Amino acid sequence: MTTAPPAEAPPRPALLTPSPTSAPAPEPAPAPPVRKGPLAVAGVLGLALTAYVWATHGAEPGVLLLLGIGLGVALFHSRFGFTSAWRQLVGVGNGTGLRAHALLLATTATLFALIIGTGTGLFGSEPAPSTGPLGIGLLVGAFVFAVGMQIGGACASGTLFAVGSGQSAIVLTLGGFVIGSTLAAWQFGLWSDLPALDPVLLSDHVGWFGSWALTLAVLAGVWFLARTVQARRNPPPVGAPPSAKGALARAVRGSWPLAAGALALALLGGAVLLVSGGAWGITSAFALWGSKLVGLLGGSPETWAFWQEPGNAEKLNGAVLADKNSLTDIGIMIGAAVAAAAGGVWTLYRKVPARMAVGAVVGGILMGVGARLASGCNIGAYLAGISSGSLHGWLWGAVALVGTWVGLKCRPLFGLGVPKHGDGAC
2 MTTAPPAEAP PRPALLTPSP TSAPAPEPAP APPVRKGPLA VAGVLGLALT
52 AYVWATHGAE PGVLLLLGIG LGVALFHSRF GFTSAWRQLV GVGNGTGLRA
102 HALLLATTAT LFALIIGTGT GLFGSEPAPS TGPLGIGLLV GAFVFAVGMQ
152 IGGACASGTL FAVGSGQSAI VLTLGGFVIG STLAAWQFGL WSDLPALDPV
202 LLSDHVGWFG SWALTLAVLA GVWFLARTVQ ARRNPPPVGA PPSAKGALAR
252 AVRGSWPLAA GALALALLGG AVLLVSGGAW GITSAFALWG SKLVGLLGGS
302 PETWAFWQEP GNAEKLNGAV LADKNSLTDI GIMIGAAVAA AAGGVWTLYR
352 KVPARMAVGA VVGGILMGVG ARLASGCNIG AYLAGISSGS LHGWLWGAVA
402 LVGTWVGLKC RPLFGLGVPK HGDGAC
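Okay, structure coming up:
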């Protein structure tokens, strides 16, 4: 009796080769023709608003609006997602998006260390790291936010670029976001005194070089872990959005590789810090917009404890188009509209299923409340926090993964799908 020789183990893939998936990556469909009408409207709106802001409020706000437009273009062309990346990782083990996060965070951390470590700022600004307390508010807020983004269909940055591209359901998410942020500002007294430890900033203990080195070391571990998980679970590939052929056409009309999007977002986010002295943020503007609306309707948001906090009263009394986060938020929507129209995919969906509409509003409200409890969102807490060497950014990301798992369980209640291993793409 003869025995067959033992089967040889498959060769271990090299570290930098793409992680395996259960099917080949789908070929992107050709990009449709340019949507000339929406492109013209978005382009004229961007130019006119930039000129107005520059003339009325000065060069710094004008530059911030332009940076926001650039962020919108980069977000849409690369389809750079936080909600989808966590959903793919938790749902089927596809770590492609999380590895792109690691690249974005590492590049942004490098720029932040250079800018803040040397005290370099434009327009007289003094760059400062983004940090936050470590407490119940952070943990509950990050969890609630993550549940909300899976139900609402987008994170903070994703909401803005999806609205700019004409996705009607996400307009409802944005409305819920504003409502939730405003409710949290109104009820500031209920959550402002939750137990918390003081912020922990690595640079206070090991200097900016040490903070940068530690951050990059941990991010390298995250990158390797995401790749290992994907290699073991062999998930479906990520879907491919429509794209133009040729390097120049692809740069203008999309779609960009995730790595290109990560690098572009890091450079633009670093420029926001350089120009304004503060990291790129999103959700504080939603509380401002909602509170301004309450004031127009006869309410008195200026009496709320939230708007009596140092720095907040000045924002409420000032113009929306002079507020840093409002400018970049508005710019992102305009930039995404330009990018979507140039790519031929700007579409205004007129019909939204009822359950999906409810989920969009509920998810938005949860994200609005969660962002205020945690003092930030996937941009203001996760991206800016980790890039600043702040422990609260890491905690936010870890808790958001748990919240993502719960959010995935809730998605079918609102008619939303969950990626499965047998899918052709996730």
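Using my numbering, read the sequence shown as starting at 2 and increasing by one per residue.
A virtual CB, placed ideally from N, CA and C, is assigned to each residue, including glycine.
Since this is a predicted model, take the numbers as computed values, not measurements.
First through last residue of the alpha helix (DSSP H) which encompasses residue 37: 37-58
Buried or exposed for residue 1, please, with buried defined as at least 16 other CB atoms from any protein chain shown within 10 angstroms of its CB. Since the displayed the chain opens at 2 and closes at 427, residue 1 lies outside it and no answer follows.
So, is residue 319 buried or exposed, given that buried needs 16 or more other C-beta atoms within 10 angstroms? exposed
CA-to-CA distance, residue 57 to residue 394, given in whole angstroms: 35 Å
Are the CB atoms of residue 386 and residue 377 within a distance shorter than 9 Å? yes
From residue 22 to residue 258, what distance separates their C-alpha atoms? 17 Å
Cβ of residue 202 within 9 Å of Cβ of residue 388? no
Quick one, are the C-beta atoms of residue 153 and residue 285 less than 9 Å apart? no
According to DSSP, simplified to helix, strand and coil, what is residue 232? helix
Report the rounded CA-to-CA distance for residue 408 versus residue 124, giving the unit in angstroms. 42 Å
Could you tell me if residue 425 is buried or exposed, where buried requires 16 or more neighbouring beta carbons within 10 angstroms of its beta carbon? exposed
Opposite residue 153 in the DSSP bridges: which residues? According to DSSP, which records beta bridges pairwise, residue 153 is partnered with nothing at all.
Starting from residue 197, follow its DSSP beta bridges and name the residues at the other end. 136
Does the segment 70-83 touch the segment 347-364, meaning 3 or more C-beta pairs lie closer than 8 Å? no
When 72, 156 and 51 are compared against residue 266, the one with the closest alpha-carbon: 72
Simplified DSSP assignment, three categories, for residue 191: helix
Which residues in the same chain as residue 293 place their Cβ atom closer than 8 Å to its Cβ, once the five residues preceding and following it in sequence are excluded? 302, 317 and 321
I'd like the span of the alpha helix (DSSP H) that includes residue 108, first residue to last. 97-119
Fully enclosed by the segment 266-304, which alpha helix (DSSP H) runs are 4 residues long or longer? 285-297
By a C-beta neighbour count over all protein chains shown, 10 Å radius and 16 as the cutoff for buried, is residue 54 buried or exposed? buried
For the segment 335-342 against the segment 34-47, are there 3 or more C-beta pairs whose distance is under 8 Å? yes
CA-to-CA distance, residue 397 to residue 150, given in whole angstroms: 14 Å
I'd like to confirm the pairing. Which residues does DSSP put opposite residue 202 in its beta bridges? 391
Within the segment 63-101, ranges of the beta strand (DSSP E) (whole runs, at least 3 residues): none
Is residue 31 helix, strand or coil when you go by DSSP? strand
Between the Cα of residue 29 and those of 300, 255 and 120, spot the shortest distance and give me the residue it belongs to. 255
If distances are taken between C-alpha atoms only, which option among 252, 235 and 236 comes closest to residue 243? 252
Is the segment 348-357 touching the segment 410-420 in the sense that three or more CB pairs, one from each, lie closer than 8 Å? yes
With a cut-off of 8 Å on the beta carbons, I'd call residue 182 and residue 336 a contact; round off their distance for me. Incorrect: roughly 22 Å between the Cβ atoms, too far for contact.
Residue 45 classed as buried or exposed, judged by whether at least 16 other C-beta atoms fall within 10 angstroms: exposed
Rounded straight-line distance, which links the Cα of residue 283 to that of residue 118: 24 Å
Contact under 9 Å by Cβ, residue 412 with residue 227: no
For residue 264, which option in 163, 107 and 306 has the closest C-alpha, if you only look at C-alpha atoms? 107
Report the rounded CA-to-CA distance for residue 351 versus residue 168, giving the unit in angstroms. 9 Å
Cβ-Cβ distance between residue 87 and residue 384 below 9 Å: no
Based on the DSSP secondary-structure assignment, which residues constitute the bridge partners of residue 212? Answer is none; residue 212 lacks a bridge partner.
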